[in-house]
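Just below is one structure, and these are the notes that go with it.
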Amino acid sequence: MTTIKTRDRDAILQALAAGVVPKTGLRHVQVGRAAEVGALVRDIDRICDGGAAIRFVIGEYGAGKTFFLNLVRLVALERKCVTIHADLAPDRRIHATAGQARGLYAEAVRNMATRTRPDGGALPSVVERFVTDCIQEAGQAG
């Protein structure tokens, strides 16, 4: 039997009671998605090895898209990946002439997450890490 941390249990119950997708502990309530999760875990592994992947998750309202994407996002964060996500909306589109594409980009950057910043807002720490790594490499190269 799997034991669930009190913090995860409380977060799951509060989120489900509020009718929203839990941010943590999703693996405890996820069922019937082994094939989909497996495919995306393989994508994450490929990305961690320097490859690339893209997936579009499409479904009817209430089909579990947000739940599924949050689950995959948590797997990626556990593997030390930086994640970015944004929902398409009339004011956030991929291609537009009135700034909607800029709105989509802003939403994606705002939602950038790392293990230490899982709720978004990770851009400053990602840039800081990049600069620090560059300085260290330059120092080692002489």
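For the sequence shown, this note's numbering begins at 957 and goes up steadily by one.
Using N, Cα and C, we set each Cβ at its ideal position, and we do this for glycine too.
Since the model is a prediction, treat every value here as computed from it, not as a measurement.
Alpha-carbon to alpha-carbon, residue j and residue i
i	j	result
Val-977	Leu-1079	24 angstroms
Val-1087	Ala-973	43 angstroms
Ala-967	Thr-1053	41 angstroms
Val-993	Gly-1098	45 angstroms
Ile-1040	Ala-991	23 angstroms
Ala-1019	Leu-1025	12 angstroms
Asp-1075	Gly-1095	33 angstroms
Arg-1049	Ile-1014	16 angstroms
Leu-969	Arg-983	14 angstroms
Glu-1016	Thr-962	33 angstroms
Tyr-1061	Pro-1046	14 angstroms
Lys-1036	Val-985	23 angstroms
Lys-1021	Gln-1092	41 angstroms
Identity of the residues DSSP links to residue i by a beta bridge
i	result
Arg-1048	Ala-1045
Thr-1039	Ala-1069
Under the three-state DSSP convention, the category residue i falls into
i	result
Thr-1070	coil
Ala-1021	The question names Ala, yet the displayed sequence has Lys at residue 1021. Helix.
Ile-1003	helix
Gly-1076	coil
Glu-1093	helix
Gln-1056	helix
Gly-988	coil
Ala-974	helix
Val-1013	coil
Thr-1088	helix
Ala-1062	helix
Gly-981	coil
Gly-1098	coil
Proximity of residue i and residue j at Cβ, strictly below 9 angstroms
i	j	result
Thr-1072	Leu-1030	no
Val-1038	Val-1082	yes
Gly-1077	Arg-1085	no
Leu-1033	Ala-1064	no
Ile-1003	Ala-995	no
His-1051	Ala-1042	no
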